[in-house]
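Here the structure comes first, spelled out in structure tokens, and everything after it is commentary.
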RNA sequence: GGUACCAUAGCUCAGUAGGUAGAGCAACGGACUGAAAAUCCGUGUGUCCCUGGUUCGAUUCCGGGUGGUACCA
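In the numbering used here, the protein residues as written are 1 to 315.
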């Protein structure tokens, strides 16, 4: 009896308002998210929702360092290998599906762990996206074709005509941004600048964000070792088997594109592997830049488990 | 041991007819709303090997060291 009372005591202490909590665990590639998330999810007696836009694809196992079968058996993961690289997918679909699963898990769980390094996908779950349209393939191909044949300057003029406001806000050197704004207008007839409200949505659960980080040298060293391990585990074979799909968006990915260039004879295998390491380091840097904007996040070394747990429990 | 050449950014190297220096790669910083491991923008970070000399002034010229490379023994 007394023990039960203590347990109840400690539970009420750890979560006084009894509010469901989404524990977001992110950090740059190679920092050690997968392992720590499994530990934490086990501890919290819950499941993991992955927010890694490349681990969605079942064909990309080795090159994305997806959780292994053994790891997947320890804790149930969602959004690992649920797609084929030939499937169409986008962040909005993810937002809806992830929220659905999270809400479902909260029926029986106090905590859910959201684990992954794709910043846009994390943001979609945590603060939502504005109501922008998905775009049909024809429109997208058409605009891409205009860019390919007539160049960036043409896209700029186009955008200036349909949405002069967004024209002053957008990165005019970034073709993807401009093409997106154009396709939004072509689809809805409404300028991007009017649809983009940048108003964060309030979720019906508490969110605790942990950004895992390591000293840069340590992270680089881990990345180098991990790439060599991937090669030892069969990354080259994986890439060779996917070569015929190389133009699919899902394969515009570090670890694959460099090997495709090797297969195409652009450079040697050794050079390709070096480039994978370099590009992975750069990707990690971009991720860190993204995470710096999270205002209430705890930044911690993956080894600081006590600190992390105290933060999650609000102690 | 002798001779020649070299020594400049993290790496590979350019350069300064004497006024403390710049490329590529790497690195670092930033942006990001349905392609996001994507896409895009920005930034030289330096005991010019050490030490004497000449000079108003030496990374640059001269002498001596040290280290490296090649060749000759």
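From the three backbone atoms N, C-alpha and C, an ideal C-beta is built for every residue, glycine too.
Cβ neighbours of residue 159 within its own chain (closer than 8 angstroms, five residues either side excluded): 166, 167, 170, 178, 181 and 182. Annotated three-state conformation of residue 129 is coil, per DSSP. If you check the CB distance, residue 80 and residue 66 come in under 7 angstroms. When DSSP assignments are scanned along the segment 20-107, the uninterrupted stretches of alpha helix (DSSP H) that are 4 or more residues long and fall wholly within it turn out to be 33-43 and 69-74.
The continuous beta strand (DSSP E) containing residue 207 extends over residues 206-212. Remark: C-beta atoms of residue 133 and residue 163 do not approach each other more closely than 7 angstroms. With contacts defined by Cβ atoms closer than 7 angstroms, residue 115 and residue 58 do not form a contacting pair. Using a Cβ-Cβ distance cut-off of 8 angstroms, the segment 213-232 and the segment 294-301 are in contact, since at least three pairs of beta carbons, one from each stretch, lie closer than that value. DSSP, read as helix, strand or coil, puts residue 202 in coil.
Rounded to whole angstroms, the Cβ separation of residue 75 and residue 107 is 18 angstroms, and the two are not in contact under 8 angstroms. Look at residue 298 here: in three-state DSSP terms it is strand.
Counting C-beta atoms within 10 angstroms of its own C-beta, residue 259 has 16 or more neighbours from the protein chains shown and is therefore classed as buried.
Contact check between the segment 219-232 and the segment 276-284: three or more CB pairs, one atom from each, fall below 8 angstroms, which counts as touching. A residue is called buried once 16 or more other Cβ atoms fall within 10 Å of its Cβ, and residue 285, having fewer, is exposed. In this structure, residue 21 and residue 110 form a Cβ contact; the two beta carbons are roughly 7 angstroms apart against a cut-off of 8 angstroms. Closest option to residue 272, judged by alpha-carbon separation, among 287, 315, 231 and 70: 231. Less than 7 angstroms separates the beta-carbon of residue 122 from that of residue 51.
Taking the CA atoms as reference points, residue 31 sits about 43 angstroms from residue 189. Take residue 312, set aside five residues on each side of it, and the residues of its chain with a beta-carbon closer than 6 angstroms to its own are 23 and 208, in chain order.
In the structure shown, the three-state DSSP call for residue 227 is helix.
Among the bridge pairs identified by DSSP, residue 111 is matched with 21. The DSSP-derived three-state label of residue 304 is coil.
With a cut-off of 8 angstroms on Cβ pairs, the segment 82-99 is in contact with the segment 244-255, counting three or more such pairs. Residue 97 has its alpha-carbon roughly 25 angstroms from the corresponding atom of residue 296. In the three-state scheme derived from DSSP, where H, G and I count as helix and E and B as strand, residue 293 is classed as coil.
Residue environment analysis places residue 54 among the buried positions, since at least 16 neighbouring C-beta atoms fall within 10 angstroms of its C-beta.
In the structure shown, residue 173 adopts coil according to DSSP, grouped into three states. When the alpha-carbon of residue 253 is set against those of 235, 270, 267 and 129, the nearest one is in 235.
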